Amino acid sequence: MLRMSRLLVRTLREDPADVEVPSHRLLTRAGYIRRVAPGGYLWLPLGKLVLDQVTRVVREEMVALGGQEVSFPALLPREPYQRSGRWDEYGEDIFRLTDRRGTGYLLAPTHEEHFALLVRDLCGSYRDYPPILFQMQTKYRDETRPRGGLLRGREFLMKDSYSFDLTDAGLAAAYAAHRAAYQRIFERFGLRYTAVAAMSGPMGGAVSEEFLAETPVGEDTFVGCPSCGYAANVEAVTTALPPPPPVEDHPALEILDTPDTPTIDTLVDLLNTTGAGGHTDWRAADTLKNVVLTVDGEIVVIGVPGDREVDLKRAEAALFPARVAMFEDFASRPDLVRGYIGPQGTWKARYLVDPRVVPGTAWATGANEPGRHAINVVCGRDFVPDGIIEAATVRAGDRCPRCGTGLELRRGVEVGHIFQLGRRYADVFGLDALGPDGKPVRVTMGSYGIGLSRAVATIVEQHHDERGLVWPASIAPAHVHLVPLREMDAALELGAQLTAAGLRVLVDDRPGLSAGVRLTDAELLGMPHTVVLGRRFAEGYVELRERATGTRRDIPLADLADFAGSLV
Ligand code: ATP
Ligand code: MG
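Take 16 as the starting number for the sequence shown in the working numbering and just add one per residue.
Okay, here's the thing in structure tokens:
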């Protein structure tokens, strides 16, 4: 039984300064967490109880799928990260340090390297496979912008697990087991979430999925189909293809003087005011915008319909692992006339187009001279792209690639990520096991993360109201909050009985507070049920309040045992 008179909990009436999101505000006001450093938070007793519940649920599901718990240090030698290339890849995102002997260390952002080394050393035979290892462990990332309290910390708690298999089918099975476990975990947390494909593999199957919990404060945008349930990261959305029109329908390419039309809007206005091509219904979507990127140093031009931009994140995902940036140095390439590039020109660079630019479509586009554009520029007749790329911005209302319904754009927080890594780390560290025939077999790995501290905040984002927290019973610090308006001793006695019946109980036994203060605090603290020992207590009745619905009813004390039984 938790007694508020002794519990280190101080509720705040006012919102703390500098908080951007409800979970940060309410967890601070209710005395669950305190900020100690940018992106660093202290768990007060009530907060620690919730974190422990979250951890317990995850641990139960990880053990159920055959996982074995281990625990690595966070302070690790940097050498394995250098070998895997991640010392450089993570860049400024890792905390790096040096010991007194000058040896390089890091505070681990995640642990693939050291798990691979562990399994290489301990699992030398096919008989040792397939192990699944997990830990609940503090991670460090020097995030550019720690944000939203627990949502994006620089020190945070993660469950990370790793699977090791001798066959691709084994990896697929470990991945599927994690996927199912994650679904159970997020259901037990009471989270509304969507699993989205983060990147699709060369074989078309999903090799990586993110579990996004929908909330307006989320930093990840994803698309969802309200009709068939299709969901994907913006990076992974594929464009529903329009049917190709016949090529011969179009008049010949025509070049127009279009002074002062460096942008699509100015171009469309001019085409309409001059009645270019004999009509005045030109739209931005009829123009072809050509954007110049550098891809691992090579110049690549991307053509997208003029009502869209090139989304760099989508371009990066499509061109992964190449490094992608906007090209700026037009002075070095006079053949690429900024603002007036057209694919029918003679410039030499790889030219990739949006899937909407199908053979037979006609476009208004640059004429490769300042102040001039071309119309009736037909794909397949006047130019032939080198390939197709999914790099154009995705918008609400775009067609669902599965069923054609208008897509919605939604925001979410990434609470989990599952990943079929394959043999990347095994190749780096020579992770082999001897097969039954005595020949070495290269191991294939999966890695699977859940942000435990982030999950606490995410649950709050989905479960709160203007008065405070609203915990789902599965992870609440207590099932029941006892509020005596006078009968302090009786409340403690009742608390002891409910505890004996298997409930987690919080009693407000603080002396000398008004009923109003106690009830306001009870709503802020957010236990699923409040039992008020009020006016009718002398008659043998208590008031039962349900936090989520706000319903109140008087029940005979004698029925409380049944009620308790229904909760455990
Ligand atoms: P994000 O895109 O939000 O930065 P990530 O993709 O870098 O996350 P992973 O490397 O996939 O994160 O880590 C696994 C899980 O750890 C994430 O799904 C998330 O729940 C959690 N996590 C990652 N970074 C943070 C952070 N800075 N604070 C709290 N939790 C985090
Ligand atoms: Mg991730």
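Virtual Cβ for every residue (Gly too), placed ideally from N, Cα, C.
Bear in mind the structure is a predicted one, so any value in this text is a computation, not a measurement.
Pairwise C-beta distances place the region 316 to 336 out of contact with the region 415 to 435, as fewer than three of them are shorter than 8 Å. Remark: fewer than three beta-carbon pairs, one from each stretch, lie closer than 8 Å, so the region 230 to 244 and the region 351 to 371 are not flagged as touching. Within the DSSP bridge table, the entry for S176 names F149 and Y463 as partners. Three or more Cβ pairs closer than 8 Å define a contact, and the region 164 to 183 meets that threshold against the region 112 to 129. Residue state for Y440 is assigned as helix, using DSSP reduced to three classes. M19 has its alpha-carbon roughly 18 Å from the corresponding atom of G549. For secondary structure counted as the alpha helix (DSSP H) over 4 or more consecutive residues, the region 310 to 347 holds these complete runs in sequence order: 327 to 334. Spatial neighbours of R353 in its own chain (CB-CB distance under 6 Å, excluding positions within 5 residues in sequence) are listed in chain order as F345. Short of 6 Å from the beta carbon of R365, and not among the five residues preceding or following it, lie these beta carbons of its own chain, in chain order: V315 and D401. For the pair W58 and L165, the Cα-to-Cα distance works out to about 10 Å.
Annotation for G55: the continuous beta strand (DSSP E) segment containing it runs G55 to W58.
H432 has its CB nearer than 7 Å to a heavy atom of the ligand MG. Per DSSP, reduced to three states, the secondary structure at I404 is coil, with no helix or strand assignment. Sixteen is the threshold: when 16 or more other Cβ atoms of the shown chains lie within 10 Å of the Cβ of F226, as they do, the residue is buried. Short note on G466: C-beta closer than 7 Å to some heavy atom of the ligand ATP. At least 8 Å separates the beta-carbon of T408 from that of R438. Around the beta-carbon of P543, 16 or more other beta-carbon atoms lie within 10 Å, marking it buried. Taken in chain order, the region 514 to 539 contains no complete alpha helix (DSSP H) segment of 4 residues or longer.
Straight through space, the alpha carbons of K63 and A191 are spaced by roughly 31 Å. L61 places its beta carbon less than 8 Å from that of V24.
Annotation: the region 86 to 133 contains the following complete segments of the alpha helix (DSSP H) (minimum length 4 residues), in chain order: 94 to 99 and 101 to 104. For V393, there is no enclosing alpha helix (DSSP H); the enclosing beta strand (DSSP E) covers residues R387 to V393. Using a cutoff of 7 Å, the CB of E225 counts as near the ligand MG, since one of the ligand's heavy atoms is closer than that.
With fewer than 16 other Cβ atoms from the protein chains shown falling within 10 Å of its own Cβ, Q83 counts as exposed.
V65 has its alpha-carbon roughly 23 Å from the corresponding atom of L509.
In this structure, E94 has its CB at a distance of at least 7 Å from all heavy atoms of the ligand MG. Secondary structure at G419: coil, using DSSP grouped into helix, strand and coil. Between the alpha carbons of G139 and K154 lies a distance of about 29 Å.
Ranked by Cα distance from R142, the first of L449, T564 and G527 is L449. The alpha-carbon of E343 is positioned some 8 Å away from that of V307.
The beta-carbon separation of A411 and L424, rounded to 5 Å, stays under the 8 Å limit for a contact. At least one heavy atom of the ligand MG falls within 7 Å of the beta-carbon of E429. Non-local beta-carbon contacts of S468 in its own chain, meaning distances under 6 Å to residues more than five positions away in sequence, involve L165, F171 and L172 in chain order.
Around the Cβ of S581, a 10 Å sphere holds fewer than 16 other Cβ atoms; the residue is exposed.
Nearest C-alpha to P451 among A251, G100, Y144 and H496: Y144. Taking every protein chain shown into account, the CB of S86 has fewer than 16 other CB atoms within 10 angstroms, so this residue is exposed.
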